[in-house]
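Worksheet for the structure shown next.
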Amino acid sequence: MTKQDFEALARFRFGIRRYLRFSEETVRRHGLTPQQYQLLLALKGFPDREWATVRELADRLQLRHHSVVELVDRAQKQGLVQRAAHPGDARAVRVLLTEDGDQILARLSALHRDELRRMDLTLMLPRWHDEQDEASSGP
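The number in the working numbering is simply the position in the sequence shown, starting from 1, with 42 added.
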């Protein structure tokens, strides 16, 4: 790796950390934990449907099953999500956003989108300058 590669990687890592700090502070100011925001976003952004199982959420959030159960419990007590029976699997439970959860997610996600727009260049993937790239571009 070249010095430029290290600088690009450090700049990209700085951008990621800055965005995560923005996210953590923003959601806390709105009364949620970062994990609760990620839960709501994972539900709303789940492909092709408006709900997910605890197992699917554990995969999306990269958490253990029991940690997601606790996270869903806390979010349910705050009125952000609800549980419903899974019609195809009696052992599974569907987790859905409530209207309140959907509203706060919409507000927070708009703030996150705006921040990402401001950070556009900071979060661009680095262009590498290492020997492998130079060798593949050859004469």
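Note that CB positions come from ideal geometry on N, CA and C, so glycine has one too. None of these values were measured; they are calculated from a predicted model.
Can you give the Cα-Cα distance for R60 and L51, rounded to whole angstroms?
14 Å
Among residues of its own chain, excluding the 5 on either side of A117, which ones have a beta-carbon nearer than 8 Å to its beta-carbon?
Closer than 8 Å at the Cβ level, and outside the excluded window around A117, lie Q78, L81, L82, V123, G143.
Within 10 angstroms of the Cβ of R136, are there 16 or more other Cβ atoms? Answer buried if so, exposed if not.
The C-beta of R136 has 16 or more other C-beta atoms within 10 Å across all chains shown, which makes the residue buried.
Which whole runs of the alpha helix (DSSP H) in the stretch 118-163 are 4 residues long or more, in chain order?
141-160
Tell me whether the stretch 102-110 and the stretch 119-133 touch, counting them as touching only if at least three CB pairs, one residue from each stretch, are closer than 8 Å.
no
According to DSSP, simplified to helix, strand and coil, what is T75?
coil
Using a 10 Å radius around the Cβ and a threshold of 16 neighbouring Cβ atoms, would you call I58 buried or exposed?
I58 comes out exposed.
If I follow the unbroken beta strand (DSSP E) through W93, where does it start and stop?
93-95
Quick one: is L139 buried, meaning 16 or more other Cβ sit within 10 Å of its Cβ, or exposed?
Around the beta carbon of L139, 16 or more other beta carbons lie within 10 angstroms, which makes this residue buried.
Would L147 be called buried (16 or more neighbouring beta carbons within 10 Å of its own) or exposed?
Residue burial annotation: L147 is buried, with at least 16 other C-beta atoms found within 10 angstroms of its C-beta.
Can you tell me the Cα-Cα spacing of G87 and R71, whole angstroms?
23 Å
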